[in-house]
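Under the UniProt record's numbering, residues 1 to 296 are what the sequence shown spells out, in order.
The beta carbon of each residue, even a glycine, is placed where N, CA and C say it ideally should be.
To start, the structure itself, in structure tokens.
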Amino acid sequence: MAESSGCQNTIVTSSMPPYPDIFSEDSKITDEIKYDIVKRPWTSLHSYDFPVRFFGPKSGTSKEKTFSVTPVTDWSNITKLIQRHITMKSHETSLSAADDFLNVIEGKTKSVTRQISSHYDKIVTRKRQILGIIIETIIFCGQQNIALRGHEEDTGNCMALLQYRSKDNDLLREHLVSRKLENIQSTNNTTYLPPEIQNEIIEICGEIISDDIVKTCNAAPCFGFMADETTDVATIEQMALCLRLYDPSELRIREEFIGVAECKATTGESLTGSFLENLRAKGVIVNKMLSKSLTL
């Protein structure tokens, strides 16, 4: 159907085709109209110069261009011209394009856009499942006070646990195998296993836990604050921040650590200002704090 739009009808009648030029840049023709054009048989003749469109090579022969670029003028040999045109590449390409269009509209196949989207969705789902397993393993190590890494990245506890879990998980096993191939081929595919990624996951988990503690603290009528400062191995003064609050959901007093901050100075005034500044940065409503609970 598509390639036959290159020929010209010389039979003159008063009727015109009930559709616009489907190849015109100004045409707003919808897929529904295109589908109707392809599927509906032509039951009447009309005076209409079909749009000239050629779907074959630009350097095609004159034979190739007949019925596509060049209108038919030799009506005495119309049967021979039609038979020859049926074997042309442009005709086969147009028929294939029309069949693909019909299959997509009728739901027999997915469009290219939907196929690409489906493939992308599968990749995203797969990577999310893998990342979920890695996060669960890192959280398990944290809950059990197990160090993630040893002297070498591949001999650490986290990697050993992932290798153990991969025995019963085909998806994880394939991911670990692809990671080894990636290291050999030096590609840029994400494995979520480098130490930098593990540290980032730990930080995100810490922020989630801290936010949950702060939310419970702000919901309480009041809370106490505990802190202390110490010097680390780099001789930098660090302060540990803890909240003491009542949790109605558990019916108990909780003492929760919410983070470590650097001290600008060790004077009482400076430490107090740092305590309040870091609490506000965490989202704590400091007006609910009981001042007598403050200890240095």
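| Check | Outcome |
| --- | --- |
| Between Phe-50 and Ile-105, what straight-line distance do the alpha-carbon atoms span, to the nearest angstrom? | Confidence in Phe-50 is poor, its pLDDT being 48 and thus under 50, which makes the residue's placement too unreliable to answer from. |
| Is residue 299 helix, strand or coil by DSSP? | Here the chain comprises residues numbered 1 to 296, so residue 299 is not present and cannot be evaluated. |
| Go ahead and pull the three-state DSSP assignment for Arg-40. | coil |
| List the DSSP bridge partners of Ala-240. | Asp-228, Val-260 |
| Below 7 Å CB to CB, which residues in the same chain sit around Ile-285 once its five sequence neighbours on both sides are set aside? | Asn-218 |
| Quick check for students: name the residue ranges of the alpha helix (DSSP H) that lie wholly in the stretch 89-131, counting only runs of 4 or more. | 89-105 |
| What does the alpha-carbon distance come out to for the pair Thr-137 and Thr-267? | 42 Å |
| Can you give the Cα-Cα distance for Met-239 and Ile-116, rounded to whole angstroms? | 52 Å |
| Going by Cα to Cα distance, which pick from Thr-235, Leu-245, Gln-83 is closest to Val-214? | Leu-245 |
| Can you grab the Cα-Cα spacing for the pair Ala-220 / Gly-107, in whole Å? | 57 Å |
| Look up Ile-253 in the DSSP assignment and give the residues it is bridged to. | Tyr-246 |
| Quick test of your reading: Trp-225 and Lys-288, contact by CB under 8 Å. State the CB separation rounded to the nearest angstrom. | Correcting the residue identity first, residue 225 is Phe in this sequence and not Trp. 10 Å between Cβ atoms; not a contact. |
| Note down the Cα distance separating Cys-263 from Ser-210, rounded to an integer number of angstroms. | 20 Å |
| Would you give the residue range spanned by the alpha helix (DSSP H) that Asn-77 belongs to? | First-last for Asn-77: undefined, no H or E at that position. |
| Within 8 Å, do at least three Cβ pairs link the stretch 123-135 to the stretch 86-97? | no |
| I'd like to confirm the pairing. Which residues does DSSP put opposite residue 297 in its beta bridges? | In the structure as shown, the chain starts at 1 and stops at 296, and residue 297 therefore has no counterpart that could be examined. |
| Just curious, the alpha helix (DSSP H) that Leu-271 is in, first and last residue? | 268-282 |
| Quick one: any contact between the stretch 142-155 and the stretch 119-130, if contact means 3 or more CB pairs under 8 Å? | no |
| In the structure shown, what three-state DSSP assignment does Leu-148 receive? | coil |
| Figure out for me which residue from Asp-31, Thr-235, Glu-269, Glu-196 has the closest Cα to the Cα of Phe-101. | Asp-31 |
| Starting from the Cα of Lys-39, find the closest Cα among Leu-95, Thr-230, Glu-207 and give me that residue. | Leu-95 |
| Going by DSSP in three states, Thr-235 sits in which element: helix, strand or coil? | coil |
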